[in-house]
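Everything below concerns the one structure shown next.
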Amino acid sequence: TGAGAQKDRVVTEEEWLRKWETGNIGFHKEHGHPLLQKHLDVLLNGKSGLRIFFPLCGKAVEMKWLVDMGHSVVGVEVSEQALKEFFAEHSLPYREEPVPGILGAKKLQ
31 TGAGAQKDRV VTEEEWLRKW ETGNIGFHKE HGHPLLQKHL DVLLNGKSGL
81 RIFFPLCGKA VEMKWLVDMG HSVVGVEVSE QALKEFFAEH SLPYREEPVP
131 GILGAKKLQ
């Protein structure tokens, strides 16, 4: 045990969902991740209309920034609550559709 063991530990799906249910989301950056802000110009390299993937997106504000800049964003999240909070906090309408072939999965767009 010790710091090394905790560092390599993987959060389970149940733990992740519980964090969202209890509001224990200290990892969420209200104003975006500082490193992404710092290096955004380098990442985008002056391009427009990029398709950007956000795994475990939560309710990352960067997704809205990138869409507002003309990019297409695809976020994947285990917590439906996180996604609904994202849409609500940005006053964005959305619709839900089942994902064919994945039992219980939904597409919110």
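Here the sequence shown stands for residues 31 to 139, numbered as in the numbering used here.
From the three backbone atoms N, C-alpha and C, an ideal C-beta is built for every residue, glycine too.
*Relative to the C-alpha of Leu65, which residue among Val129, Leu122 and Glu92 is closest?*
Counted from its first residue, the sequence shown places residue 65 at position 35. Out of Val129, Leu122 and Glu92, the CA that lies nearest to the CA of Leu65 is found in Glu92.
*If you check the beta carbons only, do Gly106 and Cys87 fall under 8 Å apart?*
In the sequence shown, residue 106 corresponds to position 76, counting from 1. In the sequence shown, residue 87 corresponds to position 57, counting from 1. The sequence as given places Val at residue 106; Gly does not occur at that position. Result yes, Cβ atoms of Val106 and Cys87 sit closer than 8 Å.
*What are the start and end residues of the beta strand (DSSP E) that includes Lys136?*
Counted from its first residue, the sequence shown places residue 136 at position 106. Per DSSP, Lys136 is one residue of the beta strand (DSSP E) stretching across Lys136 to Leu138.
*Okay, do the segment 120-128 and the segment 52-68 touch, 3+ Cβ pairs below 8 Å being the bar?*
No contact exists between the segment 120-128 and the segment 52-68.
*Residue range of the alpha helix (DSSP H) that Glu119 falls in?*
Start at 1 with the first residue of the sequence shown, and residue 119 comes out as number 89. First-last of the alpha helix (DSSP H) with Glu119: Glu110 to Glu119.
_Other residues of its chain near Ser78: CB distance less than 6 Å, five sequence neighbours each side excluded_ = Taking the sequence shown and counting its residues from 1, the one referred to as residue 78 is at position 48. Closer than 6 Å at Cβ, skipping near neighbours: Gly100.
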